[in-house]
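Visitor: Residue numbers (our numbering): 2 to 229.
By construction, the Cβ of each residue, glycine as well, lies at the ideal position given by its N, Cα and C atoms.
1. Beta-carbon within less than 8 angstroms of residue 35's beta-carbon, same chain only, minus the 5 sequence neighbours each way: which residues are those?
2. In three-state DSSP terms, what is residue 55?
3. When you compare each of 88, 140, 13 to residue 51 by their alpha carbons, which one comes out closest?
4. Quick one: complete beta strand (DSSP E) runs, 3+ long, within the stretch 4-51?
5. Using the Cα positions of residue 153 and residue 207, report the straight-line distance between them to the nearest angstrom.
6. Going along the chain, which residues of its own chain have a beta-carbon closer than 8 angstroms to the beta-carbon of residue 145, five neighbours each way excluded?
7. Counting pairs of beta carbons, one from the stretch 98-117 and one from the stretch 10-27, are three or more of them closer than 8 angstroms?
8. Does residue 180 pass the burial test, meaning 16 or more other C-beta atoms within 10 Å, or should it be called exposed?
9. Under 7 angstroms Cβ to Cβ from residue 83, same chain only, skipping five residues before and after it: list those, please.
10. Quick check on residue 128: does DSSP put it in helix, strand or coil?
11. Going by Cα to Cα distance, which pick from 157, 26, 178, 140 is closest to residue 113?
12. Between the beta-carbon of residue 108 and the beta-carbon of residue 136, is there less than 8 angstroms?
13. Do residue 57 and residue 89 count as a contact pair if the criterion is CB distance below 8 angstroms?
14. Compare the beta carbon distance of residue 78 and residue 53 with 8 angstroms and say whether it is the shorter of the two.
15. Whose C-beta lies closer than 6 angstroms to the C-beta of residue 126 among residues of the same chain, with five residues either side of it excluded?
16. Are residue 161 and residue 187 close, meaning C-beta to C-beta below 8 angstroms?
17. If distances are taken between C-alpha atoms only, which option among 129, 98, 149 comes closest to residue 28?
18. Indicate whether at least one CB of chain D lies closer than 8 angstroms to the CB of residue 19.
19. Report the start-end ranges of each beta strand (DSSP E) in the stretch 82-139 that is 3 residues or longer and not cut off at the edges.
20. With residue 85 and residue 122 assumed to form a contact (beta carbons below 8 angstroms), what rounded beta-carbon distance in angstroms separates them?
21. Here's a check: name, in chain order, each residue in its chain whose Cβ is nearer than 6 angstroms to the Cβ of residue 93, leaving out the five neighbours to either side.
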C-alpha cells in the first residue's frame, strides 16, 4: 500500500462495481464538504498492470472532477481484478446502502468471470455463504427478473425463487403474475415448488411402449368389381 498524488483523469472506473447510495441531502452535504475542505479520506485505487482502477470513492472522484481539482491523493493497493471487486463489495456493503442489483452483478462476475467459489467470496467479503449463493443464482436469472430487482419491484427473496425455474419464459410468466397479486416469498416459493414438481413428474413418466406386433397392412376394395 502506498500514497500517490495523481490527476483524477488517471483513475479508471470499472463498469461492474458496487456504488453506495445516498439520499439527496446527504449527497449535497458530502459535495459541500469536499468543496470547502477537499478530500479528507483519500480515494482507494488498485494498480492493475499500468492502470489505476477505482476501488472506493466514486462520489468523491466525481466531485473533484466537477470542481476542476488538478491533483488528488490516492491510496494504491496491489492485486488482480477479483481482489478489486471483493474490496469494492466489502467496503460499500459496510455502509449498508448498497443496491442489491449492483451486488448481483459483482458476485456474478466473481463467480462466472474470475472463478471464485462461494467460500472464497465469503472469505474476501464477509457476506454469508447462503446470501452469496442466492446472488450467484440471481445473476443467472432472466433479464426481466434482474430488471425487476433493479427497479425495486421484487426483492432478493423473490428474485432467488424465480431464478430456480430453468426457463426464462417461466420466470417471466410468474413475475407478471406477481406484479398483479404481490405474492409473499413463501407464496412464490410454493408456486415454484409446484411447477418444479410437475416438470419432474413429466420427466419421470415412462415412454409409451411401442406395439409388440406389426400393424396389419391396409386393405383396399375396388369400387368397380368389389374385390379386395
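Guide: On the basis of the data shown:
1. Here residue 35 refers to the residue found at position 34 of the chain shown. 61, 64, 65, 68.
2. Translated into the one-based positions of the chain shown, residue 55 becomes position 54. In this structure, residue 55 counts as strand in the three-state DSSP scheme.
3. As a position in the chain shown, residue 51 is number 50, starting the count at 1. Checking every option, the nearest Cα to that of residue 51 belongs to 13.
4. 44-49
5. For the purposes of this step, residue 153 is identified with residue 152 of the chain shown, where counting begins at 1. For the purposes of this step, residue 207 is identified with residue 206 of the chain shown, where counting begins at 1. If you take the alpha carbons of residue 153 and residue 207, they lie about 43 angstroms apart.
6. Against the chain shown, residue 145 aligns to sequence position 144. Closer than 8 angstroms at Cβ, skipping near neighbours: 169, 172, 173, 176.
7. yes
8. Residue 180 sits at position 179 when you count from the first residue of the chain shown. By the 10 Å Cβ count, residue 180 comes out exposed.
9. Here the question's residue 83 lines up with position 82 in the chain shown. The residues are 111, 115, 117.
10. Within the chain shown, the letter at position 127 stands for residue 128. DSSP places residue 128 in coil when its eight states are reduced to three.
11. Taking the first residue of the chain shown as position 1, residue 113 is located at position 112. With distances taken between Cα atoms, residue 113 lies closest to 140.
12. Working through the chain shown from its first residue, we reach residue 108 at position 107. Working through the chain shown from its first residue, we reach residue 136 at position 135. Yes. Within cutoff.
13. In the chain shown, residue 89 corresponds to position 88, counting from 1. In the chain shown, residue 57 corresponds to position 56, counting from 1. In this structure, residue 57 lies closer than 8 angstroms to residue 89 by Cβ.
14. Locating residue 78 in the chain shown gives position 77, counting from the first residue. Locating residue 53 in the chain shown gives position 52, counting from the first residue. For residue 78 and residue 53, no; Cβs fall outside 8 angstroms.
15. Here residue 126 refers to the residue found at position 125 of the chain shown. Cβ within range, chain order: 87, 90, 91.
16. Numbered from its first residue, the chain shown carries residue 161 at position 160. Numbered from its first residue, the chain shown carries residue 187 at position 186. It is not a contact, given that the beta carbons lie outside the stated cut-off.
17. Residue mapping note: residue 28 aligns to position 27 of the chain shown, counting from 1. The residue with the shortest Cα to Cα distance from residue 28 is 98.
18. The chain labelled as chain D is not found in the depicted structure, where only one protein chain is given.
19. none
20. Your numbering for residue 85 matches position 84 in the chain shown. Your numbering for residue 122 matches position 121 in the chain shown. About 13 angstroms separates the two Cβ atoms, so there is no contact after all.
21. Taking the first residue of the chain shown as position 1, residue 93 is located at position 92. Hits under 6 angstroms: 19, 21, 99.
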